[in-house]
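Our numbering numbers the first residue of the sequence shown as 28 and each following residue consecutively. Beta carbons: idealized from backbone N, C-alpha and C, even for Gly.
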Amino acid sequence: MRFPPARAEGKRHSEGRPGARLQSSRMAGRWRVKKPAARVDEGSGGRRRGRGSASDPARRRSMERVERTREFPASGGRTPSDVATLLLELGRVVKARQFYAEGDPALAELVDRGFRSFRAEIERHGRLELEIGPSGVRMAEGNDPAFRGRLDDLARELSRGDVRALRLDKSLDLRAFGALVDALAGAPKPAEVPRQVGDAQGGEGREKARSAPTREEAASAPPSPGQALLPEAAGSEAPPQAQEKSAPTLDRAPLEAPPSDERGARLVALLRELDSCTDHARYPELASRAGKEGAALFEAGFPDEAYRTMRVLGMHAADLSRRSAPQRELAAQQLAELATGARLEALIARACARGAEASIRASQLLLQLGARVVPILLQRIEVEKDPHRRGQLAGILIAIGEKATPELVRVMEGGDLRRARTAARFAGEIQNPAAVATLRRLMQRPDSELRREAAKALVRIGHASAVEALVEALERRDDGVAALAAYCLGATGSPRAFDALREALPRALFRGDFELARELVRAFARFGRSEAAPDLAAILARKSLLKRRLLRELKLTAIDVLAKLPGSAELQALAVAGESRDAQIREAARRALARRPAPSAA
């Protein structure tokens with residue numbers, strides 16, 4: 028793949044830095060990374076100063092209106108929550124790229140889904156620009172580092188690669204998106220000189236070229252004079268670490284790594300015999316013996332030997348070139364039998380290791396185990412305190428994909444509210460429409476937090492059935508359900524959702540449900556469509572003596588939205604409101620007109 032030179036902004040960077048190489052070689056017109064000069068961000072701090080306390084209900088409602096207005100989109104209709112959903116999808120694909128081997132069908136499916144999500148967003152709202160800094164990822168046109176919490180891992184991946192900004196436009200194609208994922212995941216480049224990365228972290232390196240020297244060549248050949256070194260590796264003492272780097276390990280070469288003792292040596296001999304076996308009649312016996320011996324050595328205090336056995340069985344289960352379908356199925360069965368109880372706990376501990384090659388290899392084994400490990404992953408995610416380990420566990424669960432859906436559905440339908448909320452969140456991340464029916468039922472449960480997680484999951488799934496479930500919730504009278512559905516429908520970008528919101532507005536006004544009406548009006552802003560102008564103008568024309576205060580707040584919300592929608596009808600509605608007898612409405616409309624760009628001559 029050819030990449031044109033990068034557009035650099037801000038400070039000049041030296042060509043020797045890895046980030047500068049990423050900037051010049053990992054870029055296309057389809058997606059760009061840039062490094063702007065440092066700047067002082069005064070936007071969010073300035074906005075937060077001087078708010079004071081909200082001691083009375085009117086001031087609290089006013090503050091709430093200001094807070095919700097900050098969620099309104101720019102002229103293109105894009106909101107921070109829209110981008111956060113996209114970034115969660117990108118983070119999931121990047122995590123899967125680190126776990127799955129290149130060419131794996133499951134990885135291809137995840138990359139394709141992520142690409143389609145980004146393409147749909149770009150087609151709907153235009154070019155996407157993001158900035159990455161110490162405070163996290165944020166939209167380039169905003170002032171707030173809006174994406175925190177679960178996106179911190181992605182921000183760290185971007186910063187680690189010296190990425191300071193990211194741009195994606197309508198020329199984005201699947202190949203360019205795949206190259207972006209490879210770059211963020213630290214995947215190898217085809218034409219790069221072979222290098223070893225990670226010496227400064229104790230020798231647990233990974234190759235940075237797809238065509239790497241063999242272990243024997245690495246052990247005997249001297250380093251190339253022109254070989255590039257990473258900054259952290261250049262300052263280390265090379266000779267001892269070079270020897271450690273070429274030594275076989277359980278993760279790189281489980282059949283060549285030194286055994287623990289004599290019993291371990293016998294297990295290695297058995298595994299080598301299994302690896303060279305081509306006899307279909309003998310293979311089941313050898314695989315069964317290897318599984319039992321690995322379990323026995325684990326019980327005897329040699330967990331590495333059990334892990335060695337899992338690695339070999341996992342390699343056989345995924346080997347399409349050397350293993351027949353019956354052998355692959357048998358290896359997967361023996362792996363599932365071995366990876367249970369305390370042995371599975373030990374495997375999960377390896378998968379959560381920091382910065383070690385064992386983390387990737389152990390994670391790959393968990394992915395091979397698939398739905399079997401979903402219950403324990405959910406349990407561990409709920410109780411895990413360390414954010415790195417919790418993020419790693421979540422990444423594995425998401426990468427398992429649609430195979431995890433049946434277990435997630437079972438948990439969501441259970442009585443444990445905390446686990447049901449966790450399962451609903453991951454159902455949204457996995458985006459399998461098979462979970463919609465259960466999420467629809469969760470929207471009727473009394474627990475508000477559970478309803479909120481279910482609604483957010485339906486938005487992320489985005490299927491027509493998910494949109495219909497939210498449309499149905501608009502008619503519910505449970506406290507806060509309809510307003511939650513309106514907010515979430517505004518995030519779907521679906522034409523069906525837009526029509527449902529317009530239909531629900533007069534019904535809400537007829538019932539006097541001004542809180543729902545305000546949420547419906549806010550949702551219009553997220554679509555950025557001028558068809559909502561007549562509905563908003565009708566609100567500005569309404570009169571009420573008994574609910575004057577509530578109607579005024581609704582009108583102010585409508586004015587905020589009209590200021591952000593395109594078209595001349597919106598200007599006309601604001602102009603009429605600018606002549607209102609209500610001073611607050613009149614001033615708000617005139618301010619909206621002043622900051623709204625005039626329509627073009629065309």
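Item: Residues near Arg355 in its chain [Cβ-Cβ closer than 8 angstroms; skip 5 each side]; Value: His343, Ala344, Ala345, Asp346, Leu347
Item: Below-9 angstroms beta-carbon distance, Arg487 vs any chain D residue; Value: No chain D is part of this structure, which consists of one protein chain only.
Item: DSSP bridge partner residues for Met166 (one or two, in chain order); Value: Leu157
Item: Separation of Glu546 from Val603, as counted between CA atoms; Value: 23 angstroms
Item: First through last residue of the alpha helix (DSSP H) which encompasses Phe537; Value: 522 to 538
Item: As assigned by DSSP and simplified to three states, the class of Ala284; Value: coil
Item: Residues of its chain near Ser475, where Cβ-Cβ distance is below 7 angstroms and the 5 sequence neighbours each way are ignored; Value: Gly507
Item: Spatially closest choice to Glu502 from Glu614, Ala544, Arg381, by CA coordinates; Value: Ala544
Item: Closest Cα partner of Arg143 within the set Ala358, Tyr514, Gly489, Phe329; Value: Gly489
Item: Inter-residue Cα distance where the pair is Val548 and Leu532; Value: 8 angstroms
Item: Beta-carbon proximity list for Arg478, same chain, < 7 angstroms, skipping 5 on both sides; Value: Leu469, Met470, Arg472, Val508, Leu511
Item: Test item: CB-CB of Ser386 and Ala373 under 9 angstroms; Value: no
Item: Beta-carbon spacing of Gly368, Leu324 below 9 angstroms; Value: no
Item: Segments assigned alpha helix (DSSP H), at least 4 residues, entirely inside the segment 455 to 531; Value: 463 to 469, 475 to 488, 491 to 500, 508 to 519
Item: Between the CA atoms of Glu558 and Gln611 - distance to the nearest angstrom; Value: 26 angstroms
Item: Spatial distance of Val295 from His307 (CA atoms); Value: 21 angstroms
Item: Three CB pairs or more closer than 8 angstroms across the segment 128 to 142 and the segment 442 to 449; Value: no
Item: Start and end residues, alpha helix (DSSP H) containing Tyr127; Value: First-last for Tyr127: undefined, no H or E at that position.
Item: Close Cβ partners of Arg407 (< 6 angstroms) along its chain, the five nearest in sequence each way excluded; Value: Leu420
Item: Leu405 versus Tyr334 - alpha carbon distance; Value: 22 angstroms
Item: Residue from Glu409, Ala111, Ala128, Gly118 with nearest C-alpha to Leu392; Value: Ala128
Item: Proximity of Met337 and Leu297 at Cβ, strictly below 9 angstroms; Value: no
Item: Arg623 beta carbon less than 9 angstroms from that of Glu597; Value: yes
Item: Other residues of its chain near Lys574: CB distance less than 8 angstroms, five sequence neighbours each side excluded; Value: Gly539, Phe541
Item: DSSP state of Leu392 mapped onto helix, strand, coil; Value: helix
Item: Minimum C-alpha distance to Phe537 - residue among Pro132, Val208, Leu578, Gln599; Value: Leu578
Item: Three-state secondary structure assigned by DSSP to Thr276; Value: coil
Item: Test item: CB-CB of Asp302 and Val339 under 9 angstroms; Value: yes
Item: Residue interval of the alpha helix (DSSP H) (run including Val603); Value: 595 to 604
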